[in-house]
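Notes to accompany the following structure.
In my numbering, the protein residues as written are 21 to 90.
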């Protein structure tokens, strides 16, 4: 994730995202020690990723909805 080579950085991000899908708790724990900021910054710079995440979130909750008090 910290490589100056963009190809290496992208493959590092792919590896981390794969680990997040398989072992989310362990991966997040390690990222919080070192790397979460780099990962989020790099993801935010990828064209279309933020829009894709927003679209996915909106499928789970409409843009305007009342809070649910359970």
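The C-beta atom is built at its ideal place from N, Cα and C for all residues, glycine as well.
- Taking one beta carbon from each stretch, the region 37-49 and the region 70-80 have fewer than 3 pairs nearer than 8 Å; the two do not touch.
- Residue 59 and residue 22 have their alpha carbons spaced roughly 9 Å apart.
- Between the alpha carbons of residue 75 and residue 50 lies a distance of about 28 Å.
- Judged by DSSP secondary structure, residue 53 falls within the alpha helix (DSSP H) whose first and last residues are 44-53.
- Going by DSSP, residue 78 is part of the alpha helix (DSSP H) stretching over 69-80.
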